[in-house]
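Peer 1: Dumping the structure here so I can ask a few things about it.
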Amino acid sequence: MAHYEILIVGGGPAGYTAALYAARSGRRTAVVEKLSPGGQMATTSTIDNYPGFPEGVDGFELGEKMEQQARKYGAETIYAEVTGAELTAVPKVLHTSEGDFTADAVILATGAYPRELGLPGESELRGRGIAYCAACDGMMYRGKVVAVNGGGNTAVEDALYLSKLCSKVYLIHRRDSLRASAVYHKALEEAGVEIIWNSRVTALRKEKRLTGIELENVVTGEKSELACDGLFVAVGRVPDTALFAGQVETDQAGYLVADESCRTSVPGVFAAGDVRTKALRQVITAAADGASAAHWAEEYLLKRV
């Protein structure tokens, strides 16, 4: 059973930044990743808001570069799916599809994935008209017509953000009132966002890209079509924390409870990136978490000596 001083679960920007910092501090470090470097970031064709890339950067390419940089300083990558964890054990144990591994400290960087609408063709249109993050992908729709699906604060914030870039923004909500804070209502009106009440998206229209959506009024049953260049889905995110339930404290939404030090309720276990409780989930904040988690993991290991 291979042993590491620091094991990192998840190979996104948080995971590989943590690996870079941990390996540079001389710790035997490995990232356990089930697919490829980058995590959710790897599914974004162009990232415009990550510093150092004025022309934008492909998310998959950025993930590979992060992995290469961590590997340069000695961090390993174990391509395996984590099937279980013993986080309160000494040493801590990760059960994976490639066998068991032990570690003195573990950094959980499993991220969160957007909740999808579950419509036919949705996955295929991701990056070609379907998006889940206005701050990440909004610039791709400058001057175009877009719709935002949702009624919470995130949906409204996305609609307001897009209203500064797009020629027209629709906000589609299945109820007759918004769940978002009241302060947003006037802002939407002033921004020219058109709200389509009591409606849900039932189908996606496409050629090579999204060309429009089908809507159904949930009260009258009336169906309609809306031509648009993009649909931003803002119906929530799902933290990837099921494997750690009952071992590490989570909030009501399932995110791992951890402050800016990334320390969780379990000594020697840290949470970095979108998986932890935080206000802003972006590539840059995930990378920042990775650095912080590695720092405090190092402090934890030093105090154990």
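When we follow the numbering used here, the leftmost residue of the sequence shown carries the number 5, and every step to the right adds one.
Ideal placement from N, C-alpha and C gives every residue a C-beta, glycine not left out.
Note that the coordinates shown come from a computational prediction; the quantities given were computed from them, not determined experimentally.
Can you find the residues in the same chain that come closer than 7 Å, C-beta to C-beta, to Ala297, ignoring five residues on each side of it along the sequence?
Peer 2: Result list for Ala297: Ala22, Ile111, Cys266, Phe274, Ala276, in chain order.
Peer 1: Quick check on this structure: which residue in His177, Phe248, Val13 has the alpha carbon closest to the alpha carbon of Ile82?
Peer 2: The shortest Cα separation from Ile82 among His177, Phe248, Val13 belongs to Val13.
Peer 1: Counting Cβ pairs closer than 8 Å, one from the region 171–182 and one from the region 143–162, do we hit at least three?
Peer 2: Flag = yes, the region 171–182 and the region 143–162 touch.
Peer 1: Return the chain-ordered list of same chain residues with a C-beta closer than 7 Å to the C-beta of Ala135, the five sequence neighbours on each side being excluded.
Peer 2: Excluding positions up to five away in sequence, the list reads Asp141, Gly234, Phe236.
Peer 1: Note down the Cα distance separating Gly43 from Glu80, rounded to an integer number of angstroms.
Peer 2: Each residue's Cα considered, the two are about 17 Å apart.
Peer 1: Where Thr327 and Glu211 are concerned, what is the direct C-alpha to C-alpha distance, given to the nearest angstrom?
Peer 2: Only positions 5 to 309 of the chain appear in the structure, and residue 327 is not among them; the question remains open.
Peer 1: For the alpha helix (DSSP H) that Ile288 lies in, which residues bound it at each end?
Peer 2: Run containing Ile288: 287–308, per the alpha helix (DSSP H) assignment.
Peer 1: Determine the direct distance from the alpha carbon of Ala262 to that of Arg132, and round the result to whole angstroms.
Peer 2: About 35 Å.
Peer 1: In the DSSP assignment, find the beta strand (DSSP E) that holds Thr215 and state where it starts and stops.
Peer 2: Thr215 -> beta strand (DSSP E) spans 214–221.
Peer 1: On the three-state DSSP scale, how would you describe Lys148?
Peer 2: Looking at Lys148 - three-state DSSP - the assignment turns out to be coil, as it is neither helix nor strand.
Peer 1: Going by beta-carbon coordinates alone, are Ala191 and Leu219 separated by less than 8 Å?
Peer 2: No, the pair does not count as a contact, with Cβ atoms beyond the cut-off.
Peer 1: Rounded to whole angstroms, what is the Cα-Cα separation between Ala117 and Arg241?
Peer 2: The question names Ala, but residue 117 is Tyr in the sequence shown. Roughly 6 Å separates the two Cα atoms.
Peer 1: Between Thr106 and Thr87, how many whole angstroms is the CB-CB distance? I'm expecting something under 8 Å.
Peer 2: Incorrect: roughly 15 Å between the Cβ atoms, too far for contact.
Peer 1: By the 10 Å Cβ neighbour count, where 16 or more other Cβ atoms means buried, how is Met5 classified, buried or exposed?
Peer 2: Exposed.
Peer 1: Return the residue from the list Ala246, Leu284, Leu129, Arg146 that minimises the CA-CA distance to Leu214.
Peer 2: The residue with the shortest Cα to Cα distance from Leu214 is Leu129.
Peer 1: With DSSP collapsed to three states, give me the class of Thr158.
Peer 2: In the structure shown, Thr158 sits in a helix (DSSP, three-state: H, G or I).
Peer 1: From the DSSP output, read off the bridge partner residues of Glu211.
Peer 2: BP columns for Glu211 are empty, so no partner.
Peer 1: Can you look up Gly258 in the DSSP assignment and give me helix, strand or coil?
Peer 2: It is coil, neither helix nor strand.
Peer 1: Helix, strand or coil for Thr106? Go by DSSP, reduced to three states.
Peer 2: Reduced to three states, the DSSP call for Thr106 is strand.
Peer 1: For Arg119, which residues from the same chain have a beta carbon less than 8 Å from its beta carbon, with the 5 sequence-adjacent residues on both sides left out?
Peer 2: Val237, Val239, Gly240, Arg241, Val242.
Peer 1: Would you say Ala109 and Ile10 are within 8 Å of each other, going by their C-beta atoms?
Peer 2: Yes, these two residues count as a Cβ contact at 8 Å.
Peer 1: Is it the case that the region 143–151 contacts the region 290–309, given that we only count it when at least three CB pairs across the two stretches are under 8 Å?
Peer 2: Taking 8 Å as the limit for Cβ pairs, the verdict is that the region 143–151 does not touch the region 290–309.
Peer 1: Distance cutoff 8 Å, beta carbons only. Does Gly142 sit that close to anything in chain C?
Peer 2: Chain labels in this structure do not include chain C; a single protein chain is all it has.
Peer 1: Can you say whether Glu59 is buried or exposed, counting buried as having 16 or more other CB atoms within 10 angstroms of its CB?
Peer 2: Glu59 should be labelled exposed.
Peer 1: Can you list the alpha helix (DSSP H) stretches of 4 or more residues lying completely in the region 11–47, in chain order?
Peer 2: Counting only runs of 4 or more, we get 17–28.
Peer 1: Answer with buried or exposed for Glu37, where buried requires no fewer than 16 other C-beta atoms within 10 angstroms of its C-beta.
Peer 2: Buried, because 16 or more other Cβ atoms sit within 10 Å of the Cβ of Glu37.
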